[in-house]
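Going by the numbering used here, the letters in the sequence shown line up with residues 10 to 113, in that order.
A virtual CB, placed ideally from N, CA and C, is assigned to each residue, including glycine.
Notes for the one structure printed next.
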Amino acid sequence: MVEWTNEGRAAITDIFSNLDYDRVTAESLERCLSCTPGPREHIPGADRAALKKLHVNPDNFKLLADVLTVVVAGRMGNNFTPEYQASFQRFLSVVVSALCRPYH
10 MVEWTNEGRA AITDIFSNLD YDRVTAESLE RCLSCTPGPR EHIPGADRAA LKKLHVNPDN
70 FKLLADVLTV VVAGRMGNNF TPEYQASFQR FLSVVVSALC RPYH
């Protein structure tokens, strides 16, 4: 269980309230798919049963989290402070952990 500070919650809320979800999603997926061939195989059947059949490498979730961090940092510029980055990466690590759970 993760315990969030008020500052961490505020940072996450601020990050997500200012995101252009369509652009961040498109840019993140484009970056993932252009630099690694692996995820390309998994996009068409993205439900859990299909992913299990495909033997999805859970490291792809970690890769996507790293790419999301880069894209969000690029979009936020100087507003993406080290404190924001720490909170965002902590949040994404919880998400990645939850996504990887079925594969352990």
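Pair within 8 Å by beta-carbon distance, residue i and residue j
i, j, result
"residue 105", "residue 37", "no"
"residue 70", "residue 42", "no"
"residue 76", "residue 18", "no"
"residue 112", "residue 67", "yes"
Beta-carbon separation (whole angstroms), residue i vs residue j, contact threshold 8 Å
i, j, result
"residue 110", "residue 11", "At roughly 15 Å, the Cβ-Cβ gap does not stay under 8 Å, so residue 110 and residue 11 are not in contact."
"residue 89", "residue 95", "That belief does not hold up - the Cβ atoms of residue 89 and residue 95 are roughly 11 Å apart, past 8 Å."
"residue 92", "residue 35", "27 Å between Cβ atoms; not a contact."
When the options are compared against residue i, the one with the closest alpha-carbon
i, options, result
"residue 84", "27, 74, 14", "27"
"residue 102", "86, 72, 87", "72"
"residue 87", "15, 14, 24", "24"
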